[in-house]
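Visitor:
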Amino acid sequence: MRGFMPMRRAAVVAIAGALVAWHAPAQAQNNKTVLIPCVCELSGAGAVSGTNYRDGAHIAVNEINAAGGILGHKIVMHDYDTQTNPMVSRALVQKVVDAGAYVVMGTVYSGSTDVNMLVTEHAGVPQITGSEAPDITQKGDPYIFRTSSGSEKDIPALVDYFTQTLKVKKVAVEWVQNDFGKGGHDLFVQAIRKAGVQVVADVPSEQGQVDFSPDVAKIKQSGAQAVFVYVNEEEAARFLKEAKKQALTVPLVGDVTLTDQKVIELAGPAAEGAIAHVGLTVSAPVPSIQEFVAKFRKIYHHNTDHNGIKGYIGVYAIKYVTEMIGTFDRKAFAAKMHGLTLDAKKYPGMLLTTSWDKTGELSRESFMTQVKGGKAVVIATIPAN
Amino acid sequence: MRGHREAIGVAVVVAALIVAPLGQGNYIAYLLCSWLMLAIAAMGLNLTLGYAGRISLAQASFIGIGAYATSIVTLAHYPWVLGMAVGVVLCFVVGLLLGFPALRVRGHYLAFVTLAFNSLFFLVARNEDWLTGGTYGLSGMPRPRIGPVSTSGQLAFYYFTLAVALLAAVVLRLIVRSPWGRAFKALRENEVRAESLGLDVRRLTLLAFAIGSAYGGLAGAIEAPLVQYIDPGSFDVVQSLSLLLMVVVGGLGEFWGPVLGSAVAVLLPEALRVTAAYYLMLYAIAVILLMTRCPGGLIGLARRIAARPARRRGAAVS
Chain S
21 MRGFMPMRRA AVVAIAGALV AWHAPAQAQN NKTVLIPCVC ELSGAGAVSG TNYRDGAHIA
81 VNEINAAGGI LGHKIVMHDY DTQTNPMVSR ALVQKVVDAG AYVVMGTVYS GSTDVNMLVT
141 EHAGVPQITG SEAPDITQKG DPYIFRTSSG SEKDIPALVD YFTQTLKVKK VAVEWVQNDF
201 GKGGHDLFVQ AIRKAGVQVV ADVPSEQGQV DFSPDVAKIK QSGAQAVFVY VNEEEAARFL
261 KEAKKQALTV PLVGDVTLTD QKVIELAGPA AEGAIAHVGL TVSAPVPSIQ EFVAKFRKIY
321 HHNTDHNGIK GYIGVYAIKY VTEMIGTFDR KAFAAKMHGL TLDAKKYPGM LLTTSWDKTG
381 ELSRESFMTQ VKGGKAVVIA TIPAN
Chain V
18 MRGHREAIGV AVVVAALIVA PLGQGNYIAY LLCSWLMLAI AAMGLNLTLG YAGRISLAQA
78 SFIGIGAYAT SIVTLAHYPW VLGMAVGVVL CFVVGLLLGF PALRVRGHYL AFVTLAFNSL
138 FFLVARNEDW LTGGTYGLSG MPRPRIGPVS TSGQLAFYYF TLAVALLAAV VLRLIVRSPW
198 GRAFKALREN EVRAESLGLD VRRLTLLAFA IGSAYGGLAG AIEAPLVQYI DPGSFDVVQS
258 LSLLLMVVVG GLGEFWGPVL GSAVAVLLPE ALRVTAAYYL MLYAIAVILL MTRCPGGLIG
318 LARRIAARPA RRRGAAVS
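Chains as they are written, first to last, in my numbering: chain S, 21 to 405; chain V, 18 to 335.
#1: Beta-carbon separation of S:Tyr122 and S:Leu55 under 7 Å?
#2: Using the Cα positions of S:Asp275 and S:Thr373, report the straight-line distance between them to the nearest angstrom.
#3: Using the C-alpha atoms, what's the distance from S:Gln210 back to S:Gly216?
#4: Assuming S:Glu262 contacts S:Ser242 under a Cβ cut-off of 8 Å, what Cβ separation, rounded to an integer in Å, is found between them?
#5: Mind listing the chain V neighbours of S:Ser63? Cutoff is C-beta to C-beta under 7 Å, in chain order.
#6: Do V:Val107 and V:Leu260 have their CB atoms nearer than 7 Å?
#7: Would you list, in chain order, the members of the region 300–324 of chain V that have their beta-carbon closer than 7 Å to a beta-carbon of chain S?
#8: Going by C-alpha distance, which of S:Asp155, S:His297, S:Ile399, S:Leu138 is nearest V:Pro159?
#9: Which class does V:Asp146 belong to by DSSP, given the choice of helix, strand or coil?
#10: For V:Leu44, count neighbouring Cβ atoms within 10 angstroms of its own Cβ and tell me buried if that reaches 16, exposed if not.
#11: According to the neighbour-count rule (16 or more other Cβ atoms, all chains shown, within 10 Å of its Cβ), is V:Met60 buried or exposed?
#12: Does V:Gln76 have its Cβ less than 7 Å from a Cβ in chain S?
#13: Pull up the CB-CB distance for S:Ala404 and S:Glu385, whole angstroms please, since I reckon it's below 8 Å.
#14: Give every residue of the same chain whose Cβ lies closer than 6 Å to the Cβ of V:Gly26, excluding the five residues on either side of it in the sequence, and list them in chain order.
#15: What is the rounded straight-line gap between the Cα of S:Glu141 and the Cα of V:Ser51?
#16: Do S:Ser69 and S:Val108 come within 7 Å of each other at the CB atom, strictly closer than that value?
#17: Is the Cβ of S:Ala287 closer than 7 Å to any Cβ of chain V?
#18: Please go through the region 45–104 of chain V and give each complete alpha helix (DSSP H) segment of 4 or more residues, from N-terminal end onward.
#19: Whole-angstrom Cβ separation of S:Pro146 and S:Arg350, contact assumed at under 8 Å?
#20: Taking contact to mean at least 3 C-beta pairs separated by less than 8 Å, is the region 79–93 of chain V in contact with the region 214–224 of chain V?
#21: Among all the DSSP beta bridges, which residues are the ones paired with S:Ser151?
#22: When DSSP labels each residue in this structure, what does S:Met107 get in the three-state scheme?
#23: Could you tell me the distance, in whole angstroms, from the CA atom of V:Leu200 to the CA atom of V:Val30?
#24: Which residue spans inside the region 146–234 of chain S form an unbroken beta strand (DSSP E) run of at least 3?
#25: Looking at chain V, is there any beta carbon in it that lies within less than 7 Å of the beta carbon of S:Met125?
#26: Put S:Arg384 into one of helix, strand or coil per three-state DSSP.
#27: Using only alpha-carbon positions, find the residue among V:Glu287, V:Leu318, V:Phe226, V:Pro286 that is nearest to V:Glu271.
#28: Check whether the region 294–308 of chain S touches the region 169–177 of chain S, counting contact only when three or more Cβ pairs, one atom from each stretch, lie closer than 8 Å.
#29: With S:Lys395 as the anchor, note down where its beta strand (DSSP E) starts and where it stops.
#30: Just to confirm before moving on: does the CB-CB distance between S:Val196 and S:Glu253 stay below 7 Å?
#31: For the region 96–112 of chain S, which residues have a CB atom closer than 7 Å to at least one CB atom of chain V, in sequence order?
#32: Quick check on S:Gln47 - is its C-beta less than 7 Å from some C-beta in chain V?
#33: Is the CB of V:Asn135 under 7 Å away from at least one CB in chain S?
#34: Could you check whether the Cβ of V:Tyr175 sits closer than 7 Å to any Cβ belonging to chain S?
#35: How is the beta strand (DSSP E) around S:Val247 delimited, first residue to last?
#36: From the DSSP output, in three-state form, read off V:Gln245 for me.
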């Protein structure tokens, strides 16, 4: 009895405490700070992309704060893990909007952005996404902005590479059945057929697929002269390993992910020779990008991929645009971003000169890369379209 | 006396649920809606698994059927009630059909049959673009109107969800306290004995699946206007396993078990976010400890704590 009563009292105190905490104000905001939360994939299938995006963003935040912040306000950036779950991502974006976010950084996975951009649009909060699925900027949302171009911008460059550089007449397509993969697949198949190239094997795969042996066998039997590979990072590494195992010798060409640093690390020697069109690459022969890559390695003791660059330039874009409008006005911010070009010479944090159109779609110089000696090397530079 | 105490407890919980989102932002209201929605689905699974003893790894697919039916109907500018009714009836019928294999197989085999059904639903939702929107899913579902009152605001939608969840709980309570409920339990405890007492095992098994699935459909009818975006990935096997976890963590075959289990699954990770990168690890450790130390789930744990002073008192008297 004696032991039980204090326990019961303790329970009452705990419940009362929980109720007080529940009803406490969400988050006290200092006048001299601005809240720019990072909502991204820190666990689950998208963790590779999300953590790099977050880490890149934090480098920019630290640099900007060290230089006095934005309009004298220090950036406060908290991280929120979506678990690569669209429903969780929506809840978290709602949370940061409630907390008074000025701009939201993230998410990277298109499936999550499709869901959570509804919240920022409704609340009128600008959102800087790392997603690349075409539909993101086709919904008429005035508050969504990309940090790398969508598939619809990349596909023409890829089609040119297949038809003019490789000069192939038969291609196979390996793609992942999610928002990212389906968007790119549909655009590519339509464009390559229009260019007079025959698609001899169209092989869909699952997100998280482990065994790519049937896929590679089918492609090998199809007589394709080159393969377009459009899958996420981990799956890209597994595909490359299987292609090497089955001695698939035709050129393997992808978009964004295939020559990603993480893919090269995971696939090892199997990644040698893989080719990809990338909007951003850590191997770009641009001094500002190389400087960023070295900085990232020094801070986090590992190499970043293009998502780290996306996070970095996203935060700098927020700084430059806010300083242009001279106030923390979300509506004015979104209006200024539409049709804006940030020249890398004048705005060095952008690393490359970048433009946004009226849908939030992005344009800038891009690269064709090939894995040589365990590194993605730029083999051609494609001007902004 | 026990019933009286339970009624007071329920009244206190309902009062707490009414005031919980007041003064909070939309995030808390959204989180509570997610919890209530999952609690409805878990209640259905608890009826099939906890009361009737038939495992189902397809509950997410029934949430999906309810969500797609509601989305398609409301996007065509018909009222939410119609969409919900279509979804629930569809789930009842499909659940009834899924119950037939349960008449022939048990345990792991039944788990695999239901797992296969969930995968089948996922593939249909992804490949039938003309109906489901395929990989891109469906978006922009309107929130329901109750007469002149719109539930488009997060708080209004929370109270709407709370009302639906309470109604679903009351109906389930009536079912499990009726002769049907006792028959479900008899089926779980000893099927041969239940049959020898004159119970129609075939009809009960099918009903357990059908009613449990209909609850999944009702949860889906809430999810569609809550998230306002659905795609096949939201209803995959992982989600079914997560619902199973909610039922087991709460307490299998306990009426309030799924409500507590879903609260743990939705609210505990949020509460643990203060621990930054460790929150999922802590959540996993908490679940492992609970399951190893108290297989009866949270309700079982509460019973053990409540029984301790009584045992001590008994020992003192003796």
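By construction, the Cβ of each residue, glycine as well, lies at the ideal position given by its N, Cα and C atoms.
Guide: This is what the structure gives:
#1: yes
#2: 21 Å
#3: 10 Å
#4: With 8 Å as the limit, S:Glu262 and S:Ser242 do not qualify as a contact, their Cβ atoms being about 15 Å apart.
#5: Leu297
#6: Residue identity check: residue 107 of chain V is Leu in the sequence provided, not Val. Contact flag unset, no.
#7: none
#8: S:Leu138
#9: helix
#10: Here the sequence assigns Tyr to residue 44 of chain V, which means Leu is not the residue at that position. That one is buried.
#11: buried
#12: no
#13: 5 Å
#14: none
#15: 21 Å
#16: no
#17: no
#18: 76–92
#19: 6 Å
#20: no
#21: Beta-bridge pairing links S:Ser151 to no other residue.
#22: helix
#23: Before going further, note that residue 200 of chain V is Ala rather than Leu in the sequence given. One C-alpha to the other measures close to 29 Å.
#24: 147–149, 164–166, 190–196, 218–225
#25: no
#26: coil
#27: V:Leu318
#28: yes
#29: 395–402
#30: no
#31: Pro106, Met107, Arg110, Ala111
#32: Residue confidence for S:Gln47 is low, a pLDDT of 45 falling below 50, so the modelled location carries little weight and cannot support an answer.
#33: no
#34: no
#35: 246–250
#36: coil
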